[in-house]
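If you count by numbering that gives the first Met the number 0, then the sequence shown holds residues 0 to 264, one letter each, in order. For every residue, glycine included, the Cβ atom is placed at its ideal position computed from N, Cα and C. Here the structure comes first, spelled out in structure tokens, and everything after it is commentary.
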Amino acid sequence: MKLTIVGCTGSFPGPGSPASCYLLTANDGERTWKIVMDLGSGALGAIQRYTDLEDIDAIFLTHLHPDHCMDLCGLHVAVRWKPGGWGRGRIPVWGPAATADRMATAYGLELDPGMHEEFDFTNWTERESVTVGPFTVTPFAVNHPVEEAYALRVEVTEPDKQGNPVSRVLTYSGDTDSCAGLEEAAKEADLFLCEAAFEEGRDDDIKDVHLTGKRAGEAAESAGARRLLLTHIPVWTSPTTVMAEARPVFGGDVAVAVAGVHYTV
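Have a look at this one:
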């Protein structure tokens with residue numbers, strides 16, 4: 000499984016990165032599949048560096064803050080108005096129950112048909128897995144001040160060079176503060192892509208919104224994750240600081256996500 004960091008700046012795009020967006024690719028032995036986790040502000044332009052839009056097999060939204068979903072509006076335009084027609088059917092989109100109506104309202108559309116002609120919307124059911132190609136994605140409710148917010152546990156079984164099946168797990172936190180659901184989602188993950196928007200000391204009075212590097216590291220350690228990749232870092236938060244907070248409490252490798260970088264899981 001390959002992870003491409005399309006966008007990793009928290010809360011709104013930064014000068015070097017769009018907001019949250021992550022491209023995952025994996026092969027089922029017959030073809031390469033591509034799924035997208037979140038499509039935040041500014042991500043639609045950047046993702047075209049790594050894939051044709053028509054090659055996206057599915058989109059998975061963790062929650063409905065604009066820095067995680069708003070570029071679905073631009074993708075709607077691409078699907079609806081491409082000269083000569085869109086080369087594939089509706090793009091499957093999994094997200095919170097309000098996703099379809101929220102996107103239609105954001106674009107100024109009537110709720111019926113809204114964007115249903117471009118996207119096949121399905122609502123998350125907590126801990127109910129969905130399968131797209133080689134990807135199995137399971138949502139876990141997490142601790143963020145919106146009606147629905149999820150961490151996503153992505154499991155893939157791919158053939159190795161000898162054709163033997165090999166399983167890998169990537170967990171993406173979405174946006175959350177510390178909670179049991181996050182740790183369960185990240186249990187023994189090969190790679191834990193975890194937000195760290197806050198800093199210890201500076202943001203101690205803000206509860207149930209975001210993690211610090213320390214709290215992200217503690218969640219990774221408790222979950223038994225193998226690698227920790229810190230992400231969703233706003234322009235006013237220091238990547239060096241959150242990484243330094245995580246390292247003393249997590250025994251595995253720690254790094255900070257960088258837009259445009261690829262990781263093998």
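Of the other Cβ atoms in all chains shown, fewer than 16 fall within 10 Å of the Cβ of K206; this residue is therefore exposed.
The alpha carbon of G180 has as its nearest neighbour, out of V165, L151, A42, the alpha carbon of L151.
Here DSSP, grouped into helix, strand and coil, assigns A185 to coil. Out of R79, T50, V145, the CA that lies nearest to the CA of G94 is found in V145. Spanning the alpha carbons of L228 and L192 requires a straight line of approximately 5 Å. One alpha carbon belongs to M114, the other to T230, and they sit about 30 Å apart. Taking P17 as reference, the option from E53, M69, T104, M0 with the minimal CA-CA separation is M69. Linking D27 to V153 through their CA atoms gives a straight-line distance of about 15 Å.
Segment contact: the stretch 180-190 against the stretch 82-99, fewer than three CB-CB distances shorter than 8 Å; contact not assigned. Taken in chain order, the whole beta strand (DSSP E) runs of length 3 or more contained in the stretch 16-46 are 20-26, 31-38.
If one requires a minimum length of 4 residues, the alpha helix (DSSP H) runs lying completely within the stretch 71-146 are 71-80, 98-106, in chain order. In the DSSP assignment, A179 is bridged to no other residue. When G6, I34, G13 are compared, the shortest CA-CA separation from M0 is found for I34.
Only residues of its own chain outside the window of five on either side were considered, and among them P164, S166 have a CB closer than 6 Å to the CB of T156, listed in chain order. In the DSSP assignment, the residues bridged to S166 are T156.
C193 carries a strand assignment under DSSP once its states are collapsed to helix, strand and coil. DSSP places A150 in the strand class (E or B) of the three-state scheme. The three-state secondary structure of L52, taken from DSSP, is helix.
Look at R225 here: in three-state DSSP terms it is coil, with no helix or strand label.
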